[in-house]
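First to last, the sequence lines map onto chains A and B. Heads up: the first sequence begins at 5 in the working numbering, then just goes up one per residue. Heads up: the second sequence begins at -11 in the working numbering, then just goes up one per residue. Where a beta carbon is used, it is the ideal one built from N, C-alpha and C, also for glycine. To start, the structure itself, in C-alpha cells.
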Amino acid sequence: MTQLALVIDLNVCVGCHACVTSCKQWNTSGEAGYLSDDNPYGADPTGTFFNRVQTFEVGEFPKTETVHFPKSCLHCEDPPCVPVCPTGASYKRAEDGIVLVDYDKCIGCNYCAWACPYGAREIDEHQKVMKKCTLCVDRIYDQALPEAERKPACVMACPTSARLFGDVHDPESEVSRAIRDRGGYALMPEWGTQPANHYLPRRKAVAEIHPDELTRHDNPLKVDGQLPRPAPGEPALDDVTSW
Amino acid sequence: MCACRCGIRVHLRDGEIRYIDGNPDHPLNKGVICAKGASGIMKQVSPARLTRPLRRREGAERGAGDFEPISWEEAFSILENRLRKVRESDPKKFALFTGRDQMQALTGLFARQFGTPNYAAHGGFCSVNMAAGMIYTIGGSFWEFGGPDLERAKLFVMLGTAEDHHSNPLKIAISKFKRRGGRFISVNPVRTGYSAIADEWVPIRPGTDGALLLALTHEMIAQGLYDRPFVARYTNGGQLVITDPASPRHGLLAVDEGGDPVNPLYPQNQLWWDRHSNGPVVSHTPDTDPYLFGHFTLADGTRVQPAFQLLADRVLPHTAEWAEGITGVSAATIRRLANEMGVTARDEKIELPIAWTDCWGNEHQTVTGNPVAFHAMRGLAAHSNGFQTVRALAILMSLLGTIDRPGGFRHKAPFPRAIPPSAKTPTGPEGVQPNTPLAGLALGWPGSPEDLFIDADGNPVRIDKAFSWEYPLAVHGLMHNVITNAWRGDPYRLDTLMIFMANMAWNSTMNTVEVRRMLNDRVTEGEARGEYKIPFLVVCDAFQSEMTAFADLVLPDTTYLERHDVMSILDRPISEFDGPMDAVRVPVVPPKGECKPFQEVLIELAGRLGFPAFSNKDGSRKYKDYPDFIIRHETEPGSGIGFLAGWRGADGSKSMRGEPNPNQWEMYKRNNCIFHQPLPASYRYMRNWNRGYMEWAQRTRIRRWGDPILIHLYSEVLQRFRLAAQGKWPGRRPPPHLAGRVETYFDPLPFYYPPLELRATDVEKYPLAAITQRPMAMYHSWDSQNAWLRQIHAHNYLFINPRTARSSGVEDGAWLWVESQWGRVRCMGRLSEAVEPGTVWTWNAIGKQPGAWGLAPEANEARKGFLLNHLITDTLPGATSNSDPITGQAGWYDVRVRIYPAAAGEKQEVFPTFETLPPAPGTGKRPGWIAYVAGKETGK
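Quick look at the structure:
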C-alpha cells in the first residue's frame, strides 16, 4: 500500500518561507478551494495556510542553535482526526494514504483540529470548513503537468531542496532511503499516530587539525629565509668556538 | 521584484495569475522560487498600487499625501518644460537617484545624456564598501560580480551576511555544499537564516571584522600557511615598494624607469628582487622568483621592500589576543579558524585537468584550487571602517590562493576588471555644460587624485560630494547625502530631484525625522522666499510609500510582470562563473490602470528633450519605445555593443557583439528569456592572468586591455592619495582641513580602526551595537503591501540576549525604549540566545507610517512595527557624513544604544509616531478579507 509523505531536511532549511507562500499560491486557486485572509491590510492579519515555518532557539548563547521547522499535516498512518469526525468528512485515502477533508460533509465542528496533536489543521473562517495540506493532490496526479512537476508546490519551490516527496512504504523510494540513511524521525511517536511525514535531523561537519598537520617541510617561510629561526646569519657558537 | 533576478514562469487562467513558479531551465534558480516570488500575485492586487500620475494639490504641504490625478500628457509636459530649462542653464541642478532598480545602464545613460553629474543608484547606502574594497584589491567582488564556488569548496566561511544577497542561488549552493559534507562557518553577531544551518557559529561584535581578519592574516603568515607560489606570481606581494620616507615616491612601487611599461595606464614595469640572481628584475621575468621578505637597496640607493614584507609587518602586532579584545572572539577560536582555513587550502588541493596559458606565456597543464570559499556582504560593508575591512578580507582570500580558482572565489563576466576599472568621471566642473552630455561617466573608478571630480579649489562637483576629497572612492555615489546636501545648499542647491524606487523619506535614510523635515522646508528670505529648499521633487514608484507622499509629481510605475526589462551586460548581468549571461522579462499581464514603466518615461523624456543618443540626425525622436531602444541602441554608432548580448547581428547569429537584430526580443522569448554563453573550460579560471580569457574578452569588447590583473595586496592607488595628503604628490592635493583624514584612511595596507561614530559616542552610556537584518521573506521595504508576506512579518521586535535584557530590566515581549545619542524609539523586545550580548537587532523596514503601503492606519506595521533609522545619524560632529571616509558608504551599523523598560502606564505603542497618510487617488480599496482565486469561472 502506498503512503505518500514529505520528508523535511532540517539540516538545510534556512527558514525562507518559500514553501509557505508557494503552498498558499497553488492551493488558493486549486481544488482545496480558496485560502482566505482576514484583515489582509489591517491589524493582526491572519489567513489560512496549509504549511507554516516555526523558528526555535535551542541552547544557551553561545551554544545556540536556531532551528527552522516547517510544519503541515503529517498524513498519519493512524490519524486521530479521522475517527473523531462526526460526519465522515475527514478521511484517509486507501490508495495513497493522503488524509483529506470532504468539504461537502464537513460542518466545521473543529473536533478534528482538537484531536490533531500537531496543530496541523486550520478552519477557514469564511467557508466554515476545515482545511489542511492535501499534498497537492490536485497537482501530483495531473497529467497535464510534466512528470517532473507532479509534486507538491512546496517541494517544487524549496530553494534548499529540503523537502522530499514520495512513498514511505516503498523501501527503495528516495524518501525511504533518506529516512533510513540519515536518521529520519517522526514527530511525537508516543501518540501512536505514526506520522507519514518525517524529519531529517541536523548533522554537523566538524574539523580537527592535529598539531603535526600544521607544519610541513615545504613551509613557504623557508623559501624566504624566515625559517628556521633564528636565521642562519644570526650569532652562533660557530662564530666564537674552534675545536 | 528582487535583484536576484531568478527565472520565473507565470501561469495564467482566464487572464489572471494562477501561479508563479521557478523556471526549471533557468541556470540561476533551476526551478526553485522564494517566498517573495511565490507571493507575486499579492503584489499585483495590492491596494497600495499607484495607478495614475499625481500632482500635489495646490497649497497642500509635502508629506501630507494630498494629490490630484493628472494625465500622462500633463505629467510629461511639466517634466519636459522644467527639465529643458534646467538643461539649458545648469544641468547639475537636476539629480536622478534610484533604488534597487536593475536598470542602471539606462538611468545612467539618461543622466549622462542630460549632462548632470548627479546620478547614482543606491549602492552608497547599501554595500559599496564590498564592491570597492574587493574590486580595488582583486578586480571583482561578491554577488553580481562573483561569488563562492560551493560546488567544489570544502570549507565555506560566511561573514556578515544574513538572509539575502544572492538569495535563491546561495540557498541552492549552501544546501548542496552541506549535503556533500562541506563545513560551513558563519561569523555574525546574530544566528538566523543561513547562519542557522552553519556547522559553527562565531558570534562577533559588529564593526570589528577587520580586526578578526587581520589576526587571521597574522596567523596565516606567522605559520607559513599562505600559498606562496600564488602570492608571488599573482599578487603584487613580491613587487618592491620604495621605503624611503624622504622620497617623494615613498610608498609607491619601484619601476624600471627605462623599461617597457607595456600599457602606460596599467604599467607592468614594477620590480621584483629575484631569489636566484639576488638582484632586481622586472616582475614576471622568465625564470625568476621574487623574495617576499627582506629589505633591499636598488643601484641608485633607493631602499625597497617587497609589498608582502610590509603586509607581514602590518599584521605582526595583530595577534589573536589583540583581536580577542576587540571582536569578542576568543584567541583560541581565531587560531583554530586560521589553522583550519590554512590547512584546508594547503592540503585539500583540487587539480583539474584543464590546460591554460597565463598572460606571461607560461603554459599550465592543470588548474589548481584551494577549496576555501568566502562570502560576505553588508555586515562588513555598512560600517565607516568597511572599506579597509573588505580589503583585509580580499587579502586573506588571496593569501589562501583562492581567487578565481575552483573551490574558492570565482568571477562572473564582465569581471575581473582592471584595478582600478577604466571607467572615469569628468575631473572638473568644465565637464558639465548646458545642453551637452556629461563629459564622462557620472560614476567612475579613480586611480589617483587626478581622477577626482572637483573644482580648482578642491571642492566637489557632485551634489553628494562623491569623488571629492571627502569621499574620493565613492564609486557608487552617496544617495544618503543628497537630500541633506541639497537642503543645506552644500555644495549647491538643486532644482529638480527625481527619485526612482527608493524610500528616502523612510527606511532608506538615516535620521528619518530630520530628512522628512528637510524635504518639507522652505526658503525664508530672498527672492526664492516661500519656495521649497528642494524646489521640485519627482518620485516614480509602483506603490504608495512614505516617499511618494512628499512628491510634487508622482509617476506610477508598473510591476515586474507588466513590462519589458533587461538584466543587461552593460549593468549587472546575471552571469554565472562559467560565462556571461543576461536576461529579459516580457510582460505577462497588462499594466494596471495608467501605470507606465519607468523605462518608457525615460525614453519619452529623452526623446522630447532631444538627447543626442536618443535622437536622429535631424533631431527627431529616435526610439518608439523601450523595447525598440533596447534592440537598436548601440553604445556608439556601429559599436555592435548594446544592452543585450545575445542574438545580435541582423539575423541573430552573433553574440556579445553584432549589429542590432530587429527580432532580438522574439529570440530571447524563444530561448527562455536568457542568453548564456559558457566559456571553454580553459577560460573559466584564473581569469585575472589568463591569456586566452583576456583575448576572448578583448575580442568581445568586454575588456579594452588584456593585461594581467595582479592582486593589490598593497594598494598603490591608496598610497597616491596619501602622498597627496602629505604634500608629496606632484598633482592635486587635498584642502588642509581634509589632509589629515585622507592621510589616515588611505593606508595602502589594510588596518582596523573603530568606526568613526564611536569616537563621538559615550560607550559607557551607550554600550550596545544596534543593527538590522533583512528577512528572507521581504525585499527591502517593498513587501509590507503584500497580504501574504506581511503575515510573516507584520511587526518587528528588538532582539536582545537574555543576559543583556536581565541587566537592563527588560522583559520578553514587553515595551522598552532603545535610545542612542541621536534619538529614541519605543518598541517591543524579544529575548534571544541567537544574538551576542553586546548587540541588539531587528528586521529592517517592517515599521511603516500609518496609511502608507496600502495598509490601514491601525496596521501592526504602524502601531507595533518600528524603524531603527530614528536612532541613526546622517551627520557626525564636524558636519561630515556618517560614512566611510574612503568610499562614502553609509555607516548604518555603527550606532550605539542603551535599552531600558518602558514605564508602567506608558502608551503601549511604537514611538515616534507619524500622521496618517490618506490613500492616494487611484489606489485600491482595502477589503476586510480576501480569497484570491485566479480565473474564478474556470476555477469553479
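At which residues does the beta strand (DSSP E) containing residue i begin and terminate?
{"i": "Y7(B)", "result": "E4 to G10"}
{"i": "V105(A)", "result": "V103 to V105"}
{"i": "R291(B)", "result": "R291 to P294"}
{"i": "Y888(B)", "result": "R884 to P889"}
{"i": "R818(B)", "result": "R812 to L819"}
{"i": "D570(B)", "result": "M569 to R573"}
Would you mind telling me which residues of chain A sit closer than 7 Å to residue i, beta carbon to beta carbon, in chain order?
{"i": "Q227(B)", "result": "Neighbours of Q227(B) on chain A: none; closest Cβ ~15 Å, over 7 Å."}
{"i": "L280(B)", "result": "D228"}
{"i": "C22(B)", "result": "C20, A22 and P163"}
Please say whether residue j and residue i have beta carbons closer to each other than 9 Å?
{"i": "W260(B)", "j": "P294(B)", "result": "yes"}
{"i": "L905(B)", "j": "A52(B)", "result": "yes"}
{"i": "A23(B)", "j": "C20(A)", "result": "yes"}
{"i": "A748(B)", "j": "L558(B)", "result": "no"}
{"i": "I383(B)", "j": "T196(B)", "result": "no"}
{"i": "G330(B)", "j": "E188(B)", "result": "no"}
{"i": "A406(B)", "j": "W693(B)", "result": "yes"}
{"i": "G567(B)", "j": "P666(B)", "result": "yes"}
{"i": "L855(B)", "j": "G835(B)", "result": "yes"}
{"i": "L200(B)", "j": "A311(B)", "result": "yes"}
{"i": "V883(B)", "j": "W810(B)", "result": "yes"}
{"i": "R720(B)", "j": "L440(B)", "result": "yes"}
{"i": "V828(B)", "j": "F899(B)", "result": "no"}
{"i": "C85(A)", "j": "R56(A)", "result": "no"}
{"i": "Y740(B)", "j": "T285(B)", "result": "no"}
Does residue i come out as helix, strand or coil in the three-state DSSP assignment?
{"i": "S59(B)", "result": "coil"}
{"i": "I391(B)", "result": "strand"}
{"i": "D301(B)", "result": "helix"}
{"i": "P278(B)", "result": "strand"}
{"i": "T484(B)", "result": "strand"}
{"i": "S135(A)", "result": "Reading off the sequence, residue 135(A) comes out as Lys, not Ser. The answer is strand: DSSP assigns K135(A) an E or B state."}
{"i": "T149(B)", "result": "coil"}
{"i": "R689(B)", "result": "coil"}
{"i": "Q227(B)", "result": "strand"}
{"i": "W457(B)", "result": "coil"}
{"i": "H306(B)", "result": "coil"}
{"i": "G927(B)", "result": "With a pLDDT of only 43 at G927(B), under 50, the local geometry of the prediction cannot be trusted, and the value read off the model is given with reservation. Three-state result, G927(B): helix."}
{"i": "P742(B)", "result": "coil"}
{"i": "C(-6)(B)", "result": "coil"}
By the criterion of Cβ-Cβ separation under 8 Å, what are the contact partners of residue i in chain A?
{"i": "L756(B)", "result": "Going along chain A, no residue has its Cβ under 8 Å from L756(B), so there is no contact; the nearest lies around 15 Å."}
{"i": "E328(B)", "result": "A211 and I213"}
{"i": "N176(B)", "result": "Correct list: empty, because the minimum Cβ distance to chain A is about 11 Å."}
{"i": "M764(B)", "result": "V18, G19, C20 and H21"}
Along chain A, which residues have their Cβ under 9 Å away from the Cβ of residue i?
{"i": "Q211(B)", "result": "L218, T219, N223 and L225"}
First and last residue of the alpha helix (DSSP H) that includes residue i?
{"i": "K657(B)", "result": "Q652 to R658"}
{"i": "T332(B)", "result": "A319 to D335"}
{"i": "D142(A)", "result": "V141 to I144"}
{"i": "H468(B)", "result": "M467 to R476"}
Which bits of chain B does residue i rub up against, with CB to CB less than 9 Å?
{"i": "K208(A)", "result": "R171, D187 and E188"}
{"i": "W30(A)", "result": "R6, Y7, D9 and A26"}
{"i": "G63(A)", "result": "E821"}
Compare the C-beta of residue i with all C-beta atoms of chain E and state if any pair is closer than 9 Å.
{"i": "V71(A)", "result": "Looking for chain E here will not work: the only protein chains present are A and B."}
Residue i versus chain B: which residues are under 8 Å apart at the beta carbon?
{"i": "P83(A)", "result": "Simply none; closest approach about 27 Å."}
{"i": "G51(A)", "result": "A775, W776 and Q779"}
*Scan the segment 33 to 121 of chain A and note each continuous alpha helix (DSSP H) run of 4 residues or more that stays entirely inside, going in chain order.*
115 to 119
_Within the segment 160 to 204 of chain B, ranges of the beta strand (DSSP E) (whole runs, at least 3 residues)_ = 171 to 175 and 188 to 190
*Pick out the complete alpha helix (DSSP H) segments inside the segment 830 to 883 of chain B, 4 residues or longer, and give them in chain order.*
Whole alpha helix (DSSP H) segments, 4+ residues: 848 to 851.
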